[in-house]
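Trainee: When the letters of the sequence shown are read in order and numbered with the working numbering, they come out as residues 1 to 260. All C-beta atoms in this analysis are idealised placements derived from N, C-alpha and C, irrespective of residue type, glycine included.
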Amino acid sequence: MPHLLHVWSNVSQRLLRASQVLLLFDYDGTLTPLAPDPEQADLPPQVRDHLTALVSGDRYIAGVISGRSLKDVAARVGIPGMIYAGNHGLEIQGPGLDFVHQEAMEQTGTQAQVGGELQRALAGIPGVIVEPKGLTLSVHYRSTPVDQVKAVEEAFARVTAPYVESGAVRITYGKKVLEVRPNLPWDKGKAIALLQETYPQASLTCFFGDDRTDEDGFKVVQESGGIAVLVGPARQPTVALHRVDSPGEVDQVLGLLAQL
Ligand SMILES: [Mg+2]
Numbered sequence: 001m002p003h004l005l006h007v008w009s010n011v012s013q014r015l016l017r018a019s020q021v022l023l024l025f026d027y028d029g030t031l032t033p034l035a036p037d038p039e040q041a042d043l044p045p046q047v048r049d050h051l052t053a054l055v056s057g058d059r060y061i062a063g064v065i066s067g068r069s070l071k072d073v074a075a076r077v078g079i080p081g082m083i084y085a086g087n088h089g090l091e092i093q094g095p096g097l098d099f100v101h102q103e104a105m106e107q108t109g110t111q112a113q114v115g116g117e118l119q120r121a122l123a124g125i126p127g128v129i130v131e132p133k134g135l136t137l138s139v140h141y142r143s144t145p146v147d148q149v150k151a152v153e154e155a156f157a158r159v160t161a162p163y164v165e166s167g168a169v170r171i172t173y174g175k176k177v178l179e180v181r182p183n184l185p186w187d188k189g190k191a192i193a194l195l196q197e198t199y200p201q202a203s204l205t206c207f208f209g210d211d212r213t214d215e216d217g218f219k220v221v222q223e224s225g226g227i228a229v230l231v232g233p234a235r236q237p238t239v240a241l242h243r244v245d246s247p248g249e250v251d252q253v254l255g256l257l258a259q260l
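(1) Taking contact to mean 3 or more Cβ pairs, one atom from each stretch, closer than 8 Å, check whether the segment 193–209 and the segment 223–231 are in contact.
(2) Assuming Val231 contacts Ser246 under a Cβ cut-off of 8 Å, what Cβ separation, rounded to an integer in Å, is found between them?
(3) What are the boundary residues of the beta strand (DSSP E) that includes Tyr163?
(4) Applying the criterion that 16 or more other CB atoms from any shown protein chain within 10 Å of the CB defines a buried residue, is Gly29 buried or exposed?
(5) With distances taken from CA atoms, which of Ala240, Leu15, Pro33, Ile129 is nearest Arg212?
(6) Quick one, which of Gln148, Val139, Val146 has its alpha-carbon nearest Thr160's?
(7) Tell me, please, which residues DSSP counts as bridged to Val64.
(8) As a quick exercise: from Pro237, Glu154, Ala62, Asn183, pick the residue whose alpha carbon is nearest that of Ala137.
(9) Would you list the residues sitting across from Asp98 in a DSSP beta bridge?
(10) Look at Glu91 and Leu70 and say whether their C-beta atoms are less than 8 Å apart.
(11) Kindly confirm or deny that the segment 5–15 and the segment 43–51 touch, where touching means at least three C-beta pairs closer than 8 Å.
(12) Taking 7 Å as the line, does the beta carbon of Gly209 fall inside it for any heavy atom of ligand 1?
(13) Under the criterion of a Cβ to heavy atom distance below 7 Å, does Asp37 qualify as lining ligand 1?
(14) Would you say the beta carbon of Thr30 comes nearer than 7 Å to a heavy atom of ligand 1?
(15) Specify, as a first and last residue, the run of the alpha helix (DSSP H) that Gly115 falls within.
(16) Taking the beta strand (DSSP E) that His242 falls in, what are its first and last residues?
(17) Is the CB-CB distance between Leu4 and Val244 below 8 Å?
(18) Pairing CB atoms from the segment 168–186 with CB atoms from the segment 100–118, are three or more of them under 8 Å?
(19) Just to check, is the beta-carbon of Asp26 closer than 7 Å to a non-hydrogen atom of ligand 3?
(20) Would you kindly work out how many angstroms separate the C-alpha atoms of Pro126 and Thr144, rounded to a whole number?
(21) As a quick exercise: from Gly109, Arg142, Thr32, Glu154, pick the residue whose alpha carbon is nearest that of Pro132.
(22) So what does DSSP say about Leu43, is it helix, strand or coil?
(23) Where do the N-terminal and C-terminal ends of the beta strand (DSSP E) with Arg170 fall, by residue?
(24) According to the Cβ coordinates, are Gly86 and Asp98 closer than 8 Å?
(25) Leaving out five residues before and five after Met1 in sequence, what residues of the same chain have Cβ atoms less than 8 Å from its Cβ?
(26) In or out: Arg120 buried (at least 16 other Cβ within 10 Å) or exposed?
(27) Whose CA, out of His88, Pro80, Gln107, Met105, lies closest to the CA of Gly96?
(28) Starting from the C-beta of Ala155, find all residues in its chain whose C-beta is less than 7 Å away, skip the five residues before and the five after it, and write them out in chain order.
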């Protein structure tokens, strides 16, 4: 799998040939290094400057697609004119676009109920953060002692099992995060397809992501002739055809994009 910076001359030609480029990024682990507490994952100032420069021109339509809530990710990035997609694309705001997945909206009661049960079941385990995000919810355990991780996973499985069995929710797994989502056929890939329809003036899509939940996005982007980039080590399994090592290298790419 080629490193994006090693094939940059080829990639930059493709970018220059495009009418406009839809440029999409995951947030945690992609634009920012992963933090022990997700509250601390602020956007590095240099990344903010690069993104601001990119959206001020007319070559790029740029956006962030995160598992965080829309409100959270929009507040953390806070650059006007960008697309912000929260809860893995169940809610999206961008230029001329204001989307919420209706069926997901109707299931926020179930999310709140599961969240309450998880709060109680996980209360005694150190380092666990149960984060209700409206349309979905996350259980973070990056700061949990290694010997208690199994207890987190078991309590999570016990609480969510009846909801999974009844078909109300589905579970996804990321880096030290467990997530409860409404059981709907929607993911970052579907959200990217919606953005491609909304912004047809962009003839090329690029998407950068670091986690398993980004794989749906990689697939849709590559099937549309775009460029999918895994942020992480070469050994990490992925469908993406390109990679960079780290959020630091994503920032390097942002700098190169701004110069095109
Ligand atoms: Mg990520």
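Mentor: Let's see:
(1) Because the criterion of three Cβ pairs below 8 Å is met, the segment 193–209 and the segment 223–231 touch.
(2) Here residue 231 corresponds to residue number 231 of the sequence shown, with the count starting at 1. Here residue 246 corresponds to residue number 246 of the sequence shown, with the count starting at 1. Sure, about 7 Å apart at Cβ, within 8 Å.
(3) Taking the sequence shown and counting its residues from 1, the one referred to as residue 163 is at position 163. Tyr163 -> not in any beta strand (DSSP E); alpha helix (DSSP H) instead, spanning 149–165.
(4) In the sequence shown, the residue the question calls residue 29 occupies position 29. Buried is the call here.
(5) Counted from its first residue, the sequence shown places residue 212 at position 212. With distances taken between Cα atoms, Arg212 lies closest to Ala240.
(6) Your numbering for residue 160 matches position 160 in the sequence shown. Thr160 has its Cα closest to that of Val139, out of Gln148, Val139, Val146.
(7) In the sequence shown, residue 64 corresponds to position 64, counting from 1. Val64 pairs with Phe25, Tyr84.
(8) In the sequence shown, the residue the question calls residue 137 occupies position 137. This sequence places Leu at residue 137; Ala is not what is there. It is Asn183 whose Cα lies nearest to the Cα of Leu137.
(9) For the purposes of this step, residue 98 is taken as the residue at position 98 of the sequence shown. Looking at the DSSP assignment, Asp98 forms a beta bridge with Gln93.
(10) Along the sequence shown, read from residue 1 onward, the residue named residue 91 stands at position 91. Along the sequence shown, read from residue 1 onward, the residue named residue 70 stands at position 70. Going by C-beta atoms, Glu91 is nearer than 8 Å to Leu70.
(11) Not touching, per the Cβ criterion.
(12) As a working note, residue 209 is residue 209 in the sequence shown. Yes; taking the cut-off as 7 Å, the Cβ of Gly209 has a heavy atom of ligand 1 nearer than that.
(13) Counted from its first residue, the sequence shown places residue 37 at position 37. Not so, every heavy atom of ligand 1 lies at least 7 Å from the Cβ.
(14) Taking the sequence shown and counting its residues from 1, the one referred to as residue 30 is at position 30. Yes, the beta carbon of Thr30 sits closer than 7 Å to at least one heavy atom of ligand 1.
(15) Locating residue 115 in the sequence shown gives position 115, where the first residue counts as 1. Where Gly115 is concerned, the enclosing alpha helix (DSSP H) stretches over 108–122.
(16) For the purposes of this step, residue 242 is taken as residue 242 along the sequence shown, with counting starting at 1. First-last of the beta strand (DSSP E) with His242: 242–244.
(17) By 1-based counting over the sequence shown, the position of residue 4 is 4. By 1-based counting over the sequence shown, the position of residue 244 is 244. Yes. Within cutoff.
(18) yes
(19) This structure lacks ligand 3; the ligands present are ligand 1.
(20) On the sequence shown, position 126 is the one that residue 126 refers to. On the sequence shown, position 144 is the one that residue 144 refers to. Taking the straight line joining both Cα atoms gives about 6 Å.
(21) Position 132 of the sequence shown holds residue 132. The shortest CA-to-CA distance from Pro132 to any of Gly109, Arg142, Thr32, Glu154 is the one to Gly109.
(22) Here residue 43 refers to the residue found at position 43 of the sequence shown. Of the three classes helix, strand and coil, the one that applies to Leu43 here is coil, per DSSP.
(23) Counting from one through the sequence shown, the residue named residue 170 turns up at place 170. 169–174 is the span of the beta strand (DSSP E), which, as asked, contains Arg170.
(24) Along the sequence shown, read from residue 1 onward, the residue named residue 86 stands at position 86. Along the sequence shown, read from residue 1 onward, the residue named residue 98 stands at position 98. In this structure, Gly86 keeps its C-beta atom at 8 Å or more from the C-beta atom of Asp98.
(25) As a position in the sequence shown, residue 1 is number 1, starting the count at 1. Within the same chain, Met1 has close Cβ partners Leu230, Ala234, Thr238, Ala240, Leu241, His242, Arg243.
(26) The residue you call residue 120 lines up with position 120 of the sequence shown. By the neighbour-count rule (16 or more Cβ atoms within 10 Å), Arg120 is not buried but exposed.
(27) Against the sequence shown, residue 96 aligns to sequence position 96. For Gly96, the nearest C-alpha among the options comes from Pro80.
(28) Start at 1 with the first residue of the sequence shown, and residue 155 comes out as number 155. Excluding residues within five positions, the ones whose Cβ falls inside 7 Å are Ala121, Leu122.
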